[in-house]
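Read the structure below first, then the notes.
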Amino acid sequence: MKDVQLLRREEQAIYGLRGLYRKYGYTQFKMSKFEEYDLYVRNKSFLVSDHMITFTDADGRLLALKPDVTLSIVKNTKDGETGLKKVYYNENVYRASGDGNGIREIMQVGLECIGDVDEYAVSEVLYLAAESLASISDTYVLTLSDVRILLSVLDKTGLSPEGRAQALQYVREKNVHGILALAKTEGVDGGALSRLAALSGTPDAVFPVLSEITGEAEAVSELIALARRLEAAECRGRICIDFSTVSDTKYYNGIVFKGFIPGVSTAVLSGGEYDNLMTRMGRTSKAIGFAVYLNLLERLSDGESEPDTDVLLIYGEATPAETVLCEVNRLTAGGERVLAVKDAPEKLTYRRIVRMEEKA
Amino acid sequence: MKYLNIALPKGRLGEKVYTLFEKAGFPCPSIRENNRKLIFENPSVGVRYFWVKPSDVAIYVERGAADVGVAGKDILLEYSPDVYELLDLDIGKCRMAVAAPKDFKDDPSKTLRVATKFKNIAKSYYAKKGRDIDIIHLNGSIEIAPILGLSDVIVDIVETGTTLKENNLDVFETVVPISARLIANKASYMFRGGEIERICKELSVGTEETK
Numbered sequence: 000m001k002d003v004q005l006l007r008r009e010e011q012a013i014y015g016l017r018g019l020y021r022k023y024g025y026t027q028f029k030m031s032k033f034e035e036y037d038l039y040v041r042n043k044s045f046l047v048s049d050h051m052i053t054f055t056d057a058d059g060r061l062l063a064l065k066p067d068v069t070l071s072i073v074k075n076t077k078d079g080e081t082g083l084k085k086v087y088y089n090e091n092v093y094r095a096s097g098d099g100n101g102i103r104e105i106m107q108v109g110l111e112c113i114g115d116v117d118e119y120a121v122s123e124v125l126y127l128a129a130e131s132l133a134s135i136s137d138t139y140v141l142t143l144s145d146v147r148i149l150l151s152v153l154d155k156t157g158l159s160p161e162g163r164a165q166a167l168q169y170v171r172e173k174n175v176h177g178i179l180a181l182a183k184t185e186g187v188d189g190g191a192l193s194r195l196a197a198l199s200g201t202p203d204a205v206f207p208v209l210s211e212i213t214g215e216a217e218a219v220s221e222l223i224a225l226a227r228r229l230e231a232a233e234c235r236g237r238i239c240i241d242f243s244t245v246s247d248t249k250y251y252n253g254i255v256f257k258g259f260i261p262g263v264s265t266a267v268l269s270g271g272e273y274d275n276l277m278t279r280m281g282r283t284s285k286a287i288g289f290a291v292y293l294n295l296l297e298r299l300s301d302g303e304s305e306p307d308t309d310v311l312l313i314y315g316e317a318t319p320a321e322t323v324l325c326e327v328n329r330l331t332a333g334g335e336r337v338l339a340v341k342d343a344p345e346k347l348t349y350r351r352i353v354r355m356e357e358k359a
Numbered sequence: 000m001k002y003l004n005i006a007l008p009k010g011r012l013g014e015k016v017y018t019l020f021e022k023a024g025f026p027c028p029s030i031r032e033n034n035r036k037l038i039f040e041n042p043s044v045g046v047r048y049f050w051v052k053p054s055d056v057a058i059y060v061e062r063g064a065a066d067v068g069v070a071g072k073d074i075l076l077e078y079s080p081d082v083y084e085l086l087d088l089d090i091g092k093c094r095m096a097v098a099a100p101k102d103f104k105d106d107p108s109k110t111l112r113v114a115t116k117f118k119n120i121a122k123s124y125y126a127k128k129g130r131d132i133d134i135i136h137l138n139g140s141i142e143i144a145p146i147l148g149l150s151d152v153i154v155d156i157v158e159t160g161t162t163l164k165e166n167n168l169d170v171f172e173t174v175v176p177i178s179a180r181l182i183a184n185k186a187s188y189m190f191r192g193g194e195i196e197r198i199c200k201e202l203s204v205g206t207e208e209t210k
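Here the protein sequences line up with chains A and B, keeping their order.
All residue numbers for the first sequence refer to numbering that gives the first Met the number 0, where the first residue is 0 and numbers rise by one.
All residue numbers for the second sequence refer to numbering that gives the first Met the number 0, where the first residue is 0 and numbers rise by one.
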């Protein structure tokens with residue numbers, strides 16, 4: 000069957016996204032379902048959750064069912080090669096859902112761009128993130144932030160190490176009163192950081208305030224230029240600069256971003272520049288990538304839901320089987336979906352009903 | 000019309016909070032009617048209020064069933080929902096505290112037995128102090144735990160301290176001050192940020208006036 004409509008929402012998304020990434024020169028990266036547990040333990044805080052399913056392999060090695068794809072891709076990428084390695088993946092990962100409901104299988108599609116990541120490569124990844132959201136929903140918001148800007152403002156506050164960790168959490172929560180109270184307790188000025196946390200808007204709206212907070216900074220000009228470039232590329236959704244888009248600063252070093260669509264309560268897309276992770280894994284290359292969490296699309300409404308079948312065909316005890324088969328084939332040949340039964344199931348929805356018995 | 004969904008905590012605090020929203024320009028007169036309904040709408044201003052158990056407000060907001068809501072800081076600290084905490088409403092003020100019988104003396108050579116409804120708050124408080132504890136998770140009547148020898152201390156919310164006094168308990172340490180906070184769903188904020196920021200601004204004016 001070729002009809003894309005037959006596919007579920009998340010399956011349609013995979014279909015569309017794979018096509019999109021291939022168009023931009025990304026090749027599929029297929030990997031094993033298992034990975035050595037050690038890889039994840041060493042980079043625990045990079046993972047969304049540190050709970051994973053582990054088991055012992057036949058040779059005694061401790062393995063884990065993949066809770067993450069990026070780490071495996073980085074591990075399997077040769078370092079020091081010139082040029083760019085552009086890969087996309089479509090994998091299931093296994094991780095705790097975060098609300099105490101145990102480990103779940105999560106369908107993920109994403110891409111990674113590793114190597115000499117330049118301004119164009121970053122722009123392309125961001126553009127593909129925007130296009131990924133557009134292929135799922137007509138309306139979306141792509142939020143952008145930059146770890147360098149956030150850290151430079153945080154550095155200037157002079158908060159203690161514990162205070163810095165708490166302050167980052169407050170920025171993530173847009174908790175302005177929390178930042179100010181924390182700064183007051185430590186006897187430092189939290190004004191700039193609280194203004195940064197509250198900031199949210201289009202590049203044009205945000206730029207003047209951001210310049211006021213940070214002064215002339217290269218990272219600010221780069222972020223604004225990137226956001227404007229995306230707007231100029233006529234992304235259908237809204238590009239929003241928002242510093243509550245915080246990712247772990249141990250791994251991410253530059254642009255970080257998240258994607259939202261209406262009807263889903265959390266970000267469906269998340270990504271960023273993760274050169275720090277590369278360094279931690281002994282690599283010298285730069286890297287940027289993102290993942291789309293397709294499991295979140297399951298609950299999205301497709302508007303008016305279609306009935307269970309087009310035709311409910313009721314045949315009687317006396318109706319010959321060949322007559323039923325012939326009628327079913329005639330109707331399906333006309334493009335209709337047919338459910339042939341003797342008794343109508345309860346709560347079944349259909350467009351029309353045909354009673355064979357009456358005909359016989 | 001797409002309503003802005005607002006989750007309010009059932010009870011006295013919720014009524015106070017609604018008054019703040021009403022003063023801020025988001026009235027819904029039907030909410031004052033004396034009936035058992037839980038959902039109230041006002042199409043003229045585009046808001047839908049609903050009453051939920053105070054400890055559930057954060058869940059409604061985190062999962063997007065409510066765009067904004069009002070929850071106590073105790074609930075936010077205990078469950079760490081992934082939401083924006085936009086405003087301290089400065090009402091429903093109390094504190095999370097460690098209480099124990101008046102004659103209690105901490106013996107650092109023993110594991111401290113702590114009875115509480117807020118196990119995450121208690122755990123992180125004692126972890127920061129480096130104190131080894133045994134958490135006893137209870138759902139109510141926490142005050143009787145030390146009296147019956149079930150625990151050494153309790154970690155609980157203290158408003159006036161009357162219940163503690165009546166059970167011969169004293170506050171030994173304050174863990175964290177608590178008040179009601181305006182929270183918002185992160186995705187809702189991205190799509191309805193203008194409305195949510197307007198609510199936030201109006202409420203902060205109202206909060207300042209009530210001070």
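Just so you know, even glycine gets a beta-carbon here, dropped at the ideal spot from N, CA and C.
- In summary, N184 of chain B is buried, with 16 or more beta-carbon neighbours lying within 10 Å of its beta-carbon over all protein chains present.
- Residue range 320–332 is occupied by the alpha helix (DSSP H) that includes N328 of chain A.
- Residue-level contact by beta carbon fails for R47 of chain B and chain A, as no gap is shorter than 8 Å.
- Y83 of chain B reaches chain A at E172, K173, N174, S243, counting residues in chain order whose Cβ is nearer than 8 Å.
- Taking the CA atoms as reference points, G114 of chain A sits about 7 Å from T81 of chain A.
- Distance check between C27 of chain B and each of B:V113, B:K127, B:V46 places B:V46 closest, using alpha-carbon atoms only.
- Residues of chain B with a Cβ closer than 8 Å to the Cβ of C234 of chain A do not exist, since the nearest Cβ in that chain sits about 15 Å away.
- D87 of chain B sits close to S178 of chain B, with the two beta carbons spaced by under 8 Å.
- Taking one beta carbon from each stretch, the segment 17–34 of chain B and the segment 325–345 of chain A have fewer than 3 pairs nearer than 8 Å; the two do not touch.
- Counting only runs of 3+ residues, the beta strand (DSSP E) found wholly inside the segment 28–61 of chain A occupies 33–35, 53–55, in chain order.
- Around the beta carbon of R191 of chain B, a 10 Å sphere encloses 16 or more other beta carbons of the protein chains shown; the residue is thus reported as buried.
- Bridge pairing for D241 of chain A: A:S199 [DSSP].
- DSSP places T69 of chain A in the uninterrupted alpha helix (DSSP H) bounded by 69–74.
- The C-beta of G315 of chain A has fewer than 16 other C-beta atoms within 10 Å across all chains shown, which makes the residue exposed.
- Apart from the 5 residues on each side of it in sequence, V116 of chain A sits with its Cβ closer than 6 Å to the Cβ of K285, I287 in its chain, given in chain order.
- With distances taken between CA atoms, D247 of chain A lies nearest to A:N275 out of A:N275, A:R227, A:L268, A:V291.
- For T142 of chain A, the residues of chain B that pass the 8 Å Cβ criterion are M189, in the order they occur in the chain.
- In terms of beta-carbon proximity, T265 of chain A lines the interface with chain B, with at least one pair separated by less than 8 Å.
- Annotation for M106 of chain A: the continuous beta strand (DSSP E) segment containing it runs 102–114.
- Its Cα nearest to that of I5 of chain B, the residue B:V69 stands out among B:E14, B:G24, B:V69.
- In this structure, the CA atom of V92 of chain A is about 6 Å from the CA atom of D67 of chain A.
- The beta carbon of F259 of chain A sits closer than 8 Å to some beta carbon of chain B.
- Residue nearest to L181 of chain A within the set A:E161, A:L149, A:R171 is A:E161 (criterion: CA-CA distance).
- Taking the C-beta atoms as reference points, L143 of chain A is found no nearer than 8 Å to V170 of chain A.
- With respect to the C-alpha of L64 of chain A, the residue from A:R237, A:S31, A:K173, A:Y250 having the closest C-alpha is A:S31.
- C239 of chain A has a beta carbon lying within less than 8 Å of a beta carbon in chain B.
- Judged by beta-carbon spacing, Q107 of chain A lies within the 8 Å limit of L293 of chain A, meaning their Cβ atoms are closer than that value.
- According to the DSSP secondary-structure assignment, N4 of chain B is paired through a beta bridge with B:R47.
- Excluding its 5 nearest sequence neighbours in each direction, T331 of chain A has C-beta neighbours in its own chain below 8 Å: V337, listed in chain order.
- Residue contact with chain B for S210 of chain A: absent (no Cβ-Cβ distance below 8 Å to any residue of chain B).
- In terms of beta-carbon proximity, A144 of chain B stays away from the interface with chain A, with every pair separated by 8 Å or more.
- The bridge partners DSSP lists for V97 of chain B are B:V154, B:E172.
- Nearest C-alpha to L222 of chain A among A:R354, A:L125, A:R60: A:L125.
- DSSP, reduced to helix, strand and coil, places V310 of chain A within a strand of the structure shown.
- Against chain A, the CB of D106 of chain B has no partner CB under 8 Å away; the residue lies outside that interface.
- N167 of chain B is outside the set of residues whose beta carbon lies under 8 Å from a beta carbon in chain A.
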